[in-house]
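Asks: Below you will find the structure I want to go over with you.
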Amino acid sequence: MGGRLVDIATPMFTYRDIFLSLNGPHQALNAATALCSAELFLGSPLATETVEEAFGSVRSPGRLEVVGRSPLVILDGAHNADGLRSLSAALEEGFSSRARTYVVGAMRGRDVDEFFAALAPNPETDRVICTKAQTSRALDPDVLAEAALRYGLGADSVLVIPEVGDALGRAIKDAGVDDQIVVTGSLYVVGAARASLPKAR
Numbered sequence: 001m002g003g004r005l006v007d008i009a010t011p012m013f014t015y016r017d018i019f020l021s022l023n024g025p026h027q028a029l030n031a032a033t034a035l036c037s038a039e040l041f042l043g044s045p046l047a048t049e050t051v052e053e054a055f056g057s058v059r060s061p062g063r064l065e066v067v068g069r070s071p072l073v074i075l076d077g078a079h080n081a082d083g084l085r086s087l088s089a090a091l092e093e094g095f096s097s098r099a100r101t102y103v104v105g106a107m108r109g110r111d112v113d114e115f116f117a118a119l120a121p122n123p124e125t126d127r128v129i130c131t132k133a134q135t136s137r138a139l140d141p142d143v144l145a146e147a148a149l150r151y152g153l154g155a156d157s158v159l160v161i162p163e164v165g166d167a168l169g170r171a172i173k174d175a176g177v178d179d180q181i182v183v184t185g186s187l188y189v190v191g192a193a194r195a196s197l198p199k200a201r
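Numbering (the UniProt record's numbering), first residue to last: 1 to 201.
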């Protein structure tokens, strides 16, 4: 849950067994893009040791960031359909779980039905707690809850808790040690969740 070994082939060189400290299959593509850009700029391959050091220590706060265990708490600032699909794929690939609670908030103007279709919570096992970041652009969490119900989650699996810290605290309180909590939908929500972590536990 702290990264993966990757092989990265660029037009100039193949870097093998590089530890990439970021979670999610899409991060390998991002790493390859960064490496190709560096090679083009420098005009030559990079030293393998340099690549190992850089990718082994890279951090991306709020992107599949594990901030708690037992239950596992993941922060991901995905806020559009592509980001939510990447999050969903990464969770399925690297974070299997019997049950997940999503703490979600979004900004106004988002297609909330597309939001849940991209996130793809399992109506059989998952719960959603809809919340709201403290910004004037935040979407009313009741609108998100209505979309979660249209998506197919049962009424007993959808809660509205407007304050992010309270929503995260409830998710942690209700979770089993093997469950997961995923906070997503907005960087504002992720930031508020991070700030409330000590209180939420």
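Glycine included, every Cβ here is placed at the ideal spot set by N, Cα and C. Since we're looking at a predicted model, the values are computed, not measured.
Applying the criterion that 16 or more other CB atoms from any shown protein chain within 10 Å of the CB defines a buried residue, is glutamine 27 buried or exposed?
Replies: Buried, because 16 or more other Cβ atoms sit within 10 Å of the Cβ of glutamine 27.
Asks: Reducing DSSP to helix, strand and coil, say where glutamine 134 ends up.
Replies: Looking at glutamine 134 - three-state DSSP - the assignment turns out to be coil, as it is neither helix nor strand.
Asks: I'd like the span of the beta strand (DSSP E) that includes leucine 144, first residue to last.
Replies: Segment 141–151 is the alpha helix (DSSP H) holding leucine 144; no beta strand (DSSP E) there.
Asks: Starting from alanine 117, trace the alpha helix (DSSP H) in both directions and tell me its first and last residue.
Replies: That run of the alpha helix (DSSP H) goes 112–119.
Asks: Can you give me the C-alpha to C-alpha distance between alanine 41 and phenylalanine 13, rounded to a whole angstrom?
Replies: First, the amino acid is wrong: residue 41 is phenylalanine here, not alanine. Distance between the alpha carbons of phenylalanine 41 and phenylalanine 13 is about 15 Å.
Asks: From threonine 135 to alanine 145, what does the alpha carbon distance come to, in whole angstroms?
Replies: Approximately 19 Å between the Cα atoms of the pair.
Asks: Does DSSP put phenylalanine 95 in a helix, a strand or coil?
Replies: Of the three classes helix, strand and coil, the one that applies to phenylalanine 95 here is coil, per DSSP.
Asks: Among the residues of its own chain, which have a CB less than 8 Å from the CB of proline 162, if the five just before and after it don't count?
Replies: For proline 162, where only same-chain residues beyond five positions count, the Cβ hits under 8 Å are Thr131, Lys132, Pro141.
Asks: Taking 8 Å as the threshold (C-beta atoms), are leucine 46 and alanine 31 in contact?
Replies: Not in contact: alanine 31 and leucine 46 (Cβ atoms no closer than 8 Å).
Asks: For proline 162, name the three-state secondary structure that DSSP assigns.
Replies: It is a strand residue.
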